[in-house]
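As structure tokens, the structure follows; a few thoughts come after it.
Number of protein chains: 4
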Amino acid sequence: MANFKGHALPGTFFFLFGFWWSMKYPLRHRWKKRQHGTRQSLPVFFNRIDLIEGSLKIFFAFVGIMAEQFVPDGPHAHLLNDEGWVKLMNWQHSTMYLFFGISGIADVLSVSSLSVPVGLDRLALSLALFIEGFLFYFHVHNRPALDQHIHSLLLVAVFGGAASTMLEAFLRDNNLLEVFRSSLAILQGTWFYQIGIVLYPLNGKEWNQEDHGNIMFITMCYCWHYAVALLIVGVNYSSVWWFTNRYGGKQRTDLEISLRKTNQSDSISQKALLQESDEE
Amino acid sequence: MANFKGHALPGTFFFLFGFWWSMKYPLRHRWKKRQHGTRQSLPVFFNRIDLIEGSLKIFFAFVGIMAEQFVPDGPHAHLLNDEGWVKLMNWQHSTMYLFFGISGIADVLSVSSLSVPVGLDRLALSLALFIEGFLFYFHVHNRPALDQHIHSLLLVAVFGGAASTMLEAFLRDNNLLEVFRSSLAILQGTWFYQIGIVLYPLNGKEWNQEDHGNIMFITMCYCWHYAVALLIVGVNYSSVWWFTNRYGGKQRTDLEISLRKTNQSDSISQKALLQESDEE
Amino acid sequence: MANFKGHALPGTFFFLFGFWWSMKYPLRHRWKKRQHGTRQSLPVFFNRIDLIEGSLKIFFAFVGIMAEQFVPDGPHAHLLNDEGWVKLMNWQHSTMYLFFGISGIADVLSVSSLSVPVGLDRLALSLALFIEGFLFYFHVHNRPALDQHIHSLLLVAVFGGAASTMLEAFLRDNNLLEVFRSSLAILQGTWFYQIGIVLYPLNGKEWNQEDHGNIMFITMCYCWHYAVALLIVGVNYSSVWWFTNRYGGKQRTDLEISLRKTNQSDSISQKALLQESDEE
Amino acid sequence: MANFKGHALPGTFFFLFGFWWSMKYPLRHRWKKRQHGTRQSLPVFFNRIDLIEGSLKIFFAFVGIMAEQFVPDGPHAHLLNDEGWVKLMNWQHSTMYLFFGISGIADVLSVSSLSVPVGLDRLALSLALFIEGFLFYFHVHNRPALDQHIHSLLLVAVFGGAASTMLEAFLRDNNLLEVFRSSLAILQGTWFYQIGIVLYPLNGKEWNQEDHGNIMFITMCYCWHYAVALLIVGVNYSSVWWFTNRYGGKQRTDLEISLRKTNQSDSISQKALLQESDEE
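Protein chains in written order, with my numbering: chain G, 377 to 656; chain C, 377 to 656; chain L, 377 to 656; chain A, 377 to 656.
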């Protein structure tokens, strides 16, 4: 899939997941603060969302593997023929999808009623990102300087995401890490597009692969992509906040009124609430 | 031991230990949840198992050192002769076994009644893995490209295992880390076999050591090995879960009945139990 | 800005921020210990200081970006002309300032009444430092040995600061980490001056860029800079301590007297106080 | 000090400190368990020991700096003369001693009644080790292969010690980390001797600097040194344990008797004690 589309496709997926996460996690965080409770107080609604997310990951991974294998110029599930290895690139991409599929299975298991270790979903996602980076690392060998550099930059987002997601397996429900992961996923998504645009320019004008200026620009451009990713995450976070305040506000007021009524008797829970709003 | 057998032997050990761990830790975890207690509530049975495991490690390490030294073409405990160093490879393997033996001693001490620092067993295992990786790292110098690459890939599992086991020294009894370690041990085991097969092919047909396609395939193959390792760990985990539910089920039901009886008086312990099942 | 002034300017900023932090954090720490309370007991005064600090960061970042763009030999907001990329160095510096500006925005949001994730301010500062190091890393390619070495040394302070600030996002209000960050900021500040002095000597006598002795001296000199930074931080810490004891002392004595009075009734809070002073 | 003595001297210091720590920390740990209390229950005795230790570090660092400067072939506090830099090696060693001196000052401040941040002593020691490794890293450039390798191996102990000591700044009073640090200090000590023996052989027979066998042996030899370091730490730990049980035993029995007497009334503290002995 060495063309623009081949980079736009995974880019779209990473972008959409990052965008979706940057709304899901703040929303869940708000909900939990409202209920000032533990994980158990999350409505079935959120569990169902995680289930759908996991299922989608499995589905897309499966479709991705099939597509890589059975596109007209794919290996059609042949690994070795008389001339040697068959279409190793497609096999490598299939392997990457496989691990994202495993991550999807871990997501589904984690929200099911089965007894899996706490944090399995994040560990599996971290492994999927690590495997992606691991394969990309050896992928870019023996290529022109710019091609190699632009793929190496991707690894910063990939390994950064793997490390931060690994941390999430131990620091559960840390809103900051979840938002950070969202931003790195968006970065990956937009950077895949950038790679496609640079290596397979739409206007047909090839970039000079050895020009030092190009490499310097691309490095800086990567930072701009991240600034945009942070902006998107920030806007989504604020929207969720504004939205929950606007349409969830009535509920809060009711709560406050009822608290005022029970002012004398129930001072402990009020303190807990105050502490909560101070933490905000 | 530069032959197929020389790689199959350590591979078998790592595989067996990984396989065994992937059953022991979930079983112990289940047991502890049942007893909803602390470490003290673990039966003597589990302590005895750890004792046997440690003793086996010491025994195998000792046998390994002896074998490396006194095989017909071994150094027979001579380090230096008139021509220089004698069979440094065998000495290096002996050194690796030595540290796994030390790890076995730490295991035995940790379950004994002596007062050793908490986490000593995991630190010692982490050190043994680090020393293994450390010696392998300088081991593979000056070899053909494929040979070097296939050994370097091993280091990912070795150093990954060292890091994750080091973490276990501080995050005690973290089920996720224990399962992760099991999977990395299985990966090491099967990869030792793969190294043996590639470098000393059973059908006698040598692999091209410099072909880039071979290196790309081997990198991907490594990921497949890990996918298989995850599958094995997952199947063992599920089996333990199913088995303990099937044959340990009666006990649970009894517990639930007795809880229902004491419904009014003993609401606190019930809450603890509920919380527990929610965590599952 | 490849001249002495171009290095002195950022150096001054880093030095001033480090110097300021090395007074602010001990002061805040002292205050909190006095009130032996949680974060909520901090007076509005400290929040206002953080707000001003954040606003200054935004302001200086904006001024910095404008200056880099519209100095006489700047790119004047042109990125590409007929000859290729325009003044990429200035664009890179603008990008660095941009992320420090984002860090300023995060500071302001964190002290506002809005609900941002806990630790956002530190994560944003960590990212700003990471981006600075990231751009510098590719910045110094293809330069003479001494130039490259002296910039690489800067990266130790930059990435060290990024890592330690990232840690602060999770270990909130850890006085040791805050002091450590102050010392690294001062180191960066003075080292920028050193770079300016070495590469653009005021007396006009150029340093030999390839002399191994120069490189050895510069490495050692870097350690001396850090020793001085530690000294400055230590002096500031002691001054704050002495100052708060001297002028905040009356308050303490009053407290002690009132405690002695309530000796019989209020033994618990006294214990808490004792524990506190033991910790000192 | 490029001779055997110049390596034996720092080696002796590191060995002695490691040996001393491997007795001090287990002893303190035992004491604290006995008193089943917090840090405050440590007798003044231990504070005094830390004070002496810190003072010794300052004294030796001062002596070391003076010696490096004013040995007959030293720089005599001249940094620059007409021919260029003067004796940079001696200046580098002085710099290393300086930071160990700073670590000594931090030790003294930490046990004094002044209010320094918790963990400052460990952070300062970690920095001293980091600076040592940092200077060594650029120290070994442009040397023969064996010389470079044998010094690089030292860095594993140095940076390992820096990382583990940094961890101690946050995981206070972790017995495992303290024992680990002791073992790494002993390793450094004995390895300095090994470097001296290899580079300046006592029997005058030079080692072949380029022989791959020598490099392989040295790598393995390093692991043996660590095995010996672990043995020393283990023997010291056991000795302290045996000694405190033998001569501190009477006290324990008294405690147990008095507990039995207060069996009915004081069940909570007994539970705490039981929990404690189970943890052992």
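Here a beta-carbon is modelled for each residue, glycine too, at the ideal position from N, C-alpha and C.
Short-range partners of chain C found in the region 457–479 of chain G, where Cβ spacing is below 8 Å: Contact residues of the region 457–479 of chain G toward chain C are Gly-460, Trp-461, Leu-464, Trp-467, Gln-468, Thr-471, Leu-474, Phe-475, Ile-478 (C-beta to C-beta distance below 8 Å).
Best match in L:Asn-457, L:Trp-618, L:Ala-443 for proximity to His-469 (chain L) [C-alpha to C-alpha]: That would be L:Ala-443, whose Cα lies nearest to the Cα of His-469 (chain L).
Coarse secondary structure for Asn-457 (chain L), derived from DSSP in three states: strand
Residue span of the alpha helix (DSSP H) that contains Lys-409 (chain A), given as start and end: Lys-409 (chain A) -> alpha helix (DSSP H) spans 380–410.
Where Ala-500 (chain G) meets chain L, residues with beta-carbon distance less than 9 Å: Under the 9 Å cutoff, chain L gives no residues; its nearest Cβ is about 22 Å from Ala-500 (chain G).
His-405 (chain C) beta carbon less than 8 Å from that of Asn-551 (chain C): yes
Neighbour list for Gly-589 (chain A) in chain E, Cβ cutoff strictly below 7 Å: Annotation note: the requested chain E is absent from the structure, which comprises protein chains G, C, L and A.
Nearest to Gly-460 (chain G) (by Cα), restricted to the options C:Ala-605, C:Asn-621, C:Ile-608, C:Phe-593: The shortest Cα separation from Gly-460 (chain G) among C:Ala-605, C:Asn-621, C:Ile-608, C:Phe-593 belongs to C:Phe-593.
Nearest to Val-616 (chain C) (by Cα), restricted to the options G:Gly-430, G:Gly-440, G:Leu-490: G:Leu-490
Coarse secondary structure for Tyr-576 (chain G), derived from DSSP in three states: coil
Reduced DSSP secondary structure (H/G/I, E/B, other) of Arg-498 (chain G): In the three-state DSSP reduction, Arg-498 (chain G) falls in the helix class (H, G or I).
Where Glu-582 (chain G) falls, given that 16 or more other Cβ within 10 Å makes a residue buried: exposed
Beta carbon of Val-487 (chain C) nearer than 8 Å to that of Leu-505 (chain C): no
CB-CB length for Met-621 (chain A) against Met-399 (chain A), believed under 8 Å: With the sequence shown as reference, residue 621 (chain A) is identified as Asn, and Met is not the correct amino acid for it. The pair is not a contact, with the Cβ atoms about 15 Å apart (cut-off 8 Å).
Whether His-454 (chain A) touches Phe-446 (chain A) by CB criterion (8 Å): no
Selection from G:His-517, G:Trp-618, G:Met-542, G:His-588 that minimises the alpha carbon distance to His-588 (chain C): G:His-517
6 Å Cβ shell around Thr-629 (chain L) - same chain, five flanking residues per side excluded: With a pLDDT of only 45 at Thr-629 (chain L), under the threshold of 50, the placement of this residue in the model should not be trusted; the figure read from the coordinates follows. Within the same chain, Thr-629 (chain L) has no close Cβ partners at all.
Residues near Tyr-401 (chain G) in its chain [Cβ-Cβ closer than 6 Å; skip 5 each side]: Contacts found: Glu-554.
Neighbour-count burial assignment, Lys-381 (chain A), 16 or more Cβ in a 10 Å radius: exposed
Buried or exposed by the 16-neighbour rule on C-beta atoms within 10 Å, applied to Phe-435 (chain A): exposed
8 Å Cβ shell around Leu-529 (chain G) - same chain, five flanking residues per side excluded: Around Leu-529 (chain G): Trp-567, Ile-594, Thr-595, Tyr-598.
Coil, strand or helix - Arg-557 (chain A) by DSSP: helix
Local conformation of Ser-488 (chain L) per DSSP, three classes: coil
Under the three-state DSSP convention, the category His-601 (chain G) falls into: helix
Interface flag, Met-542 (chain L) vs chain A, CB-CB below 8 Å: no
For Gly-586 (chain G), the three-state DSSP class (helix, strand or coil): The displayed chain sequence assigns Glu, not Gly, to residue 586 (chain G). Reduced to three states, the DSSP call for Glu-586 (chain G) is coil.
Opening and closing residue of the alpha helix (DSSP H) in which Lys-463 (chain L) lies: From DSSP, Lys-463 (chain L) is part of no alpha helix (DSSP H); its letter is neither H nor E.
For Phe-438 (chain C) and Gly-477 (chain C), believed in contact at Cβ under 8 Å, the rounded distance: 6 Å
Cβ separation of Leu-499 (chain G) and Ala-545 (chain G), assumed to be a contact under 8 Å, to the nearest whole Å: 5 Å
Same chain only: Cβ atoms within 7 Å of Met-465 (chain L), ignoring 5 sequence neighbours per side: none
Cβ of Met-399 (chain A) within 8 Å of any chain C Cβ: Cβ-Cβ to chain C under 8 Å: no for Met-399 (chain A).
Selection of the region 596–609 of chain A by Cβ proximity to chain C, strictly under 8 Å: Listed by position, the residues of the region 596–609 of chain A near chain C (Cβ gap below 8 Å) are Met-596, Cys-599, Trp-600, Tyr-602, Ala-603, Leu-606.
Whole-angstrom distance between Leu-543 (chain L) and Ile-526 (chain L), CA atom to CA atom: 27 Å
Sub-8 Å separation of Asn-590 (chain A) and Leu-522 (chain A) beta-carbons: The answer is yes: Cβ separation under 8 Å.
CB contact below 8 Å: Leu-403 (chain G) versus chain L: no
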